[in-house]
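Numbering (this note's numbering), first residue to last: 28 to 115.
Even glycine gets a Cβ: it sits at the ideal position worked out from N, Cα and C.
Since the model is a prediction, treat every value here as computed from it, not as a measurement.
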Amino acid sequence: MFLLGFGGHPVLHDYNYKMFRRQQEELLRQAENERLIRAAKREQRRNWRLYRSGANWLGTHLVNWGKKLERFGTLGDCRPAPLPSPHH
């Protein structure tokens, strides 16, 4: 009548079954914790990709803006000198 894996005596059977259930519950808790850790890591990677793409976009635009400012700074050399004021 008793399961062979849990001991033949009723007291041992009950004790072994309870220990088996506790071990199973602990394994389930560990598996759930590992699943949560993997999900958190996936979320971090997704956030990092978003941050990296935003940083790349910003960096590209800052470089382009800097190039335009450099060109703007060289225009002063090409402009004619201001005309004297007629009020002097």
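query                                                                                                             : result
Flag L54 as yes when its Cβ comes closer than 7 Å to any non-hydrogen atom of the ligand ZN, and as no otherwise. : As for the ligand ZN, it is missing from this structure, which has no ligand bound.
So, helix, strand or coil for P37, using DSSP?                                                                    : helix
Using three-state DSSP, classify S112 as helix, strand or coil.                                                   : coil
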